[in-house]
């Protein structure tokens with residue numbers, strides 16, 4: 052069955068199959084801890100040690116508003132179009 056699948060891949064992909072780096076696509080090589088560690092280190096690259104890894108607020112990043120308390124008996128805002 053595996054040999055048949057290999058033969059079918061050779062027929063469909065042609066010479067591109069020989070250039071394929073199969074080790075690169077092996078899911079066993081991925082360590083979730085390493086992926087997260089690398090992502091966190093990428094965010095802090097170029098920063099001085101001890102500075103927080105925060106990104107500046109942009110137009111796409113909404114600035115949170117402080118909470119407003121409702122008066123007793125006042126209904127909470129409701130968006131009928133929201134799901």
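In the working numbering, the protein residues as written are 52 to 134.
In this text, a Cβ means the ideal position worked out from N, Cα and C, and glycines have one as well.
I'd like to confirm something about residue i: is its beta-carbon nearer than 7 Å to some heavy atom of the ligand SAH, or not?
i, result
"residue 117", "The ligand SAH is absent from the structure shown, which contains no ligands of any kind."
With a threshold of 8 Å on Cβ separation, who are the neighbours of residue i within its own chain once the five nearest residues in sequence on each side are excluded?
i, result
"residue 127", "121"
Thinking C-beta only, is residue j closer than 8 Å to residue i?
i, j, result
"residue 79", "residue 68", "no"
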